[in-house]
Amino acid sequence: MPFRLPSLATSATLCLILLIWLSQAVTAQGDGNGTQPGLICRPFGICEPCPENALHEPFCRPFGNRRLMHCFNASSIDQSSSSNTQHAPNIQEDTLYSTLDLEGPEQSEGETPAWESCGRIPSQERADFYEFVACNILFAAISLVVLFARSKRLQAVQARQLAARIGMVRSSGRR
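Residue numbers (mature numbering (1 follows the signal peptide of the UniProt record, and there is no 0)): -28 to -1, 1 to 147.
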């Protein structure tokens, strides 16, 4: 029996089943924001370049940038909000830690600092772009100088050759 390709309806049905299966797998994961169970993490600051000694870490991939996260135990936040005596810890956006030693005086009790991978830093990308443009302008300027120097030299050589052909060459000795 020769091999037959499945019909269009069969292919569409298989794709639909696969899509439903994947959507159920994604919703089963929940919105745990990629942390350990029971932890809620919030960004704490802006993206910053990773130091050289941390570039191999997973939170520095793929762009070499990281952002400080403060993770809280979800059960302690639920208990504190239900009792209305305490609120979730206040996150200050202007506090940044740039080393791996994250213990600081601003750290709240029950708070775990962590790092997350983040995308490109716009200011750094803008600076890299302008550097790229400046290098291209420099290469273009050098190329134009070389082009004009060579064309001027070639024009002088061709003018001498033409003068030699038609006998307009001036002799160095006077008669």
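Just so it is clear, CB atoms sit at the ideal spot from N, CA and C, and this is done for glycine as well.
Can you tell me whether residue i sits near the ligand ATP, meaning its C-beta is under 7 angstroms from at least one heavy atom of the ligand?
i          : result
residue 34 : Annotation note on the ligand ATP: not contained in the displayed structure, which lists no ligands.
Taking 8 angstroms as the threshold (C-beta atoms), are residue j and residue i in contact?
i          : j          : result
residue 44 : residue 83 : yes
residue 37 : residue 90 : yes
residue 98 : residue 35 : no
For residue i, count neighbouring C-beta atoms within 10 Å of its own C-beta (all shown protein chains included) and say buried if the count is 16 or more, exposed if not.
i          : result
residue 19 : buried
residue 22 : buried
Could you check the C-alpha separation between residue i and residue j for me, to the nearest Å?
i           : j           : result
residue 119 : residue 113 : 10 angstroms
residue 28  : residue 87  : 13 angstroms
residue 170 : residue 129 : Outside the displayed range of the chain (-28 to 147) lies residue 170, so it cannot be described from this structure.
residue 10  : residue -10 : 29 angstroms
residue 105 : residue 117 : 18 angstroms
residue 127 : residue 108 : 28 angstroms
residue -16 : residue 46  : 41 angstroms
residue -6  : residue -13 : 11 angstroms
residue 122 : residue 115 : 11 angstroms
residue -25 : residue -8  : 26 angstroms
For residue i, name the three-state secondary structure that DSSP assigns.
i          : result
residue 18 : coil
residue 88 : strand
residue 40 : strand
Once you ignore the five residues that flank residue i on each side, which residues in its own chain have a CB closer than 7 angstroms to its CB?
i           : result
residue 102 : none
With a CB to CB cut of under 8 angstroms and the five nearest residues on each side skipped, what residues in its chain are close to residue i?
i          : result
residue 33 : 89
What residues in its chain sit with their C-beta under 6 angstroms from that of residue i, if we drop five residues either side in the sequence?
i           : result
residue 131 : none
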